[in-house]
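Take 80 as the starting number for the sequence shown in my numbering and just add one per residue. Report on the structure given below.
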Amino acid sequence: MSHTRYSIIYLILLILSGCSHLIQTTPAYTSEPTPTEPPMAARVNGEGITLAEYESELSRYQAYESEQGISSELTAQREKVLDELITQVLLAQAGSLQGYMIEDSVLDQKLSDLINQTGGQEKYQEWLSKNAFDEESFKHALRRSLVAAWMRDQIAASVGDTADQVHVRQIRVSTIEEAQQVQQQLQGGTDFNLLAAQYDPLTNGELGWFPRGYLLQPTVDEAAFNLQPGQVSEMIQSEVGYHFLLLVERDAQHMLSPDAKLFLQRQAVIQWLQQRRAESTIEILLP
């Protein structure tokens, strides 16, 4: 996502994370029927996101941008807020289907703890008003966020401790003239590692181990996984220059570094959401 999560709900989740492991017997996430349906911003698999909730979240996001000195177009703000709300609903729906449930008494206790931590009922009411919440809308949003966070954790947990990875060294230069010189030297038999150390004395061109998709330059990433151990690539052009790669070794079950595992977990959530959206019926009802 392009910005740090803005909604205060997500900060509160850190405080309330102690309830994320509880499985209870009452429905975790339900949409209460109303005699007359309020105006809707969207429907996700038949479940409505009210226009009031959307407008409140948009107001909070605009306040966040203002505090951070960020200025984006209204269209972009509207798209981001609606996308985040749809994401929350999709995750919460899946969590509920998997049987994750939060009992009302548990949520009430967590809210009571939060009120005490924020300085009492009066301060809590001030905070609700400032952030365009009433008690019921905040409780609904918090419940959904907790179930969505649990589901997101389950998706991330599907990533194991190992993955197919490559160990690569590179020579990277900025201009085509330098790249042609490197190419001539390699073709003339100059040792790759000597050249890598020459062009990058600090790391000797070491990229280390990484899984597919980890590098910021897709052309370089793809080339690395197309090499055989000991093989040197052809010249590769990317947004940051020209590259030559040496595949040192490859391991189909190599232990992931913390950063690489976090990357794969994020990718797993993104891919899950893409698939879930494709399988879902999402109606956008905004004018």
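For glycine and all other residues, C-beta sits at the position ideal for the given N, C-alpha and C.
Residues of its chain near residue i, where Cβ-Cβ distance is below 7 Å and the 5 sequence neighbours each way are ignored
| i | result |
| --- | --- |
| ARG231 | LEU170 and VAL348 |
| GLN259 | none |
| VAL252 | ALA258, VAL261, TYR278, GLY320 and TYR321 |
| ASP330 | GLN244 |
| ALA303 | VAL245, VAL247, LEU324 and LEU326 |
CB contact flag (residue i, residue j, <8 Å)
| i | j | result |
| --- | --- | --- |
| ARG291 | ASP240 | no |
| VAL247 | LEU325 | yes |
| ARG122 | GLU362 | yes |
| GLN172 | GLU126 | yes |
| GLU214 | LEU221 | no |
| ILE165 | TRP351 | no |
| VAL311 | LEU265 | yes |
| THR44 | ASN195 | No information on residue 44 is available, as it lies outside the stretch 80 to 366 that the chain covers here. |
Residue i burial status per 10 Å Cβ neighbour count (16 or more: buried)
| i | result |
| --- | --- |
| THR115 | exposed |
| GLU132 | buried |
| GLU275 | A small correction: the amino acid at residue 275 is Ala; Glu does not occupy that position in the sequence shown. That one is buried. |
| LEU295 | exposed |
| LEU343 | buried |
| LEU153 | exposed |
| LEU281 | exposed |
| GLY309 | exposed |
| LYS202 | exposed |
| ALA120 | buried |
| GLN167 | buried |
| ASP300 | buried |
| SER224 | buried |
Own chain residues within Cβ distance below 8 Å of residue i, not counting five before or after
| i | result |
| --- | --- |
| THR157 | One detail in the question is off: residue 157 reads as Arg in this sequence, not Thr. For ARG157, where only same-chain residues beyond five positions count, the Cβ hits under 8 Å are LEU137 and LEU365. |
| MET334 | ASP240 and THR241 |
| SER145 | none |
| SER374 | Since the first and last residues shown for the chain are 80 and 366, residue 374 lies out of range. |
Cut-off 6 Å between Cβ atoms - residues of its own chain near residue i, not counting five sequence neighbours on either side
| i | result |
| --- | --- |
| ALA107 | Any answer about ALA107 is weak, because its pLDDT of 46 lies below 50 and its placement is not dependable; what the coordinates show is given next. SER175, TYR179, MET180, ILE181 and VAL226. |
| THR298 | ILE315 and SER317 |
| PRO117 | THR129 |
| MET80 | Because the pLDDT at MET80 is just 40, under 50, the model does not fix this residue reliably, and the value given afterwards should be weighed accordingly. Closer than 6 Å at the Cβ level, and outside the excluded window around MET80, lies no residue. |
| LEU286 | VAL247 and GLN249 |
Anticipated Cβ contact below 8 Å, residue i with residue j, distance rounded
| i | j | result |
| --- | --- | --- |
| LEU193 | LYS218 | With a Cβ gap of about 11 Å, LEU193 and LYS218 do not count as contacting. |
| PHE212 | SER336 | No, PHE212 and SER336 are not in contact; Cβ-Cβ is about 40 Å, not under 8 Å. |
| GLY284 | GLN332 | Rounded, the Cβ-Cβ distance is 25 Å, inconsistent with contact. |
| ALA339 | TYR293 | 6 Å |
Legend entry - Cβ contact (3+ pairs, closer than 8 Å) linking the region 313 to 329 and the region 258 to 276: yes
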